[in-house]
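The structure appears right after this line, and notes come after that.
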Amino acid sequence: MSLENGYVEVKFKPLSGKEDQAGGVVWRWKDGDNYYVARANALENNVSLYYTANGRRNTIKYVDAPVPGSTWHTLRVEFWDKRIRVVLDGKATSRWRTITSPDRARSACGPKRTA
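Throughout the sequence shown, residue numbering follows our numbering, covering 0 to 114 in sequence.
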């Protein structure tokens, strides 16, 4: 699927994991070295937004947010031109953020589970 403006959304339930209990979405995917990610992590109680360019990860923002384990959550990323907004369980974790690349979004989503 290819989207220029829109949103991607995933429902996830962090169940277990000693290093990570997170769910997230990937969008504006060009290849394995160039893409955007938003993640909500139950072990760290935060939401992170970052992009990878030429294989190097760059943090845009970390926000403290409650992400209780063993509970279903909805993580949504809305993007319009050069702006991004991340929403966890219906609550915006930040205002619209201006980003560097307005490229078309190829979205993929799914939870990350680490045992």
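Every residue, glycine too, gets a C-beta built ideally from N, C-alpha and C.
The beta strand (DSSP E) that contains residue i, what's its start and end?
{"i": "alanine 64", "result": "Looking at the DSSP string, alanine 64 is not in any beta strand (DSSP E), and its letter there is neither H nor E."}
{"i": "aspartate 30", "result": "20–30"}
{"i": "lysine 12", "result": "Here lysine 12 belongs to no beta strand (DSSP E), and DSSP marks it neither H nor E."}
{"i": "leucine 48", "result": "45–52"}
Of the choices the options, whose alpha-carbon is the least far from that of residue i?
{"i": "tyrosine 35", "options": "Asp88, Phe78, Val86", "result": "Phe78"}
{"i": "leucine 14", "options": "Asp30, Ala41, Tyr49", "result": "Ala41"}
{"i": "lysine 10", "options": "Gly54, Asp88, Asn57", "result": "Asp88"}
{"i": "lysine 17", "options": "Asp63, Glu43, Ile83", "result": "Glu43"}
Look up residue i in the DSSP assignment and give the residues it is bridged to.
{"i": "leucine 87", "result": "Leu74, Lys90"}
Measuring only the C-alpha atoms, how far is residue i from residue j?
{"i": "proline 65", "j": "aspartate 30", "result": "31 angstroms"}
{"i": "glutamate 3", "j": "threonine 51", "result": "19 angstroms"}
{"i": "valine 85", "j": "proline 67", "result": "18 angstroms"}
{"i": "threonine 73", "j": "arginine 94", "result": "18 angstroms"}
{"i": "leucine 48", "j": "arginine 75", "result": "12 angstroms"}
{"i": "lysine 12", "j": "glutamine 20", "result": "9 angstroms"}
{"i": "valine 24", "j": "asparagine 33", "result": "14 angstroms"}
{"i": "glutamate 8", "j": "glycine 22", "result": "10 angstroms"}
{"i": "isoleucine 98", "j": "lysine 90", "result": "21 angstroms"}
Quick one: is residue i buried, meaning 16 or more other Cβ sit within 10 Å of its Cβ, or exposed?
{"i": "alanine 114", "result": "At alanine 114, the pLDDT of 38 sits below 50, so the modelled position is not reliable and the matter cannot be decided from this model."}
{"i": "tryptophan 71", "result": "exposed"}
{"i": "threonine 92", "result": "buried"}
{"i": "asparagine 57", "result": "exposed"}
{"i": "arginine 55", "result": "exposed"}
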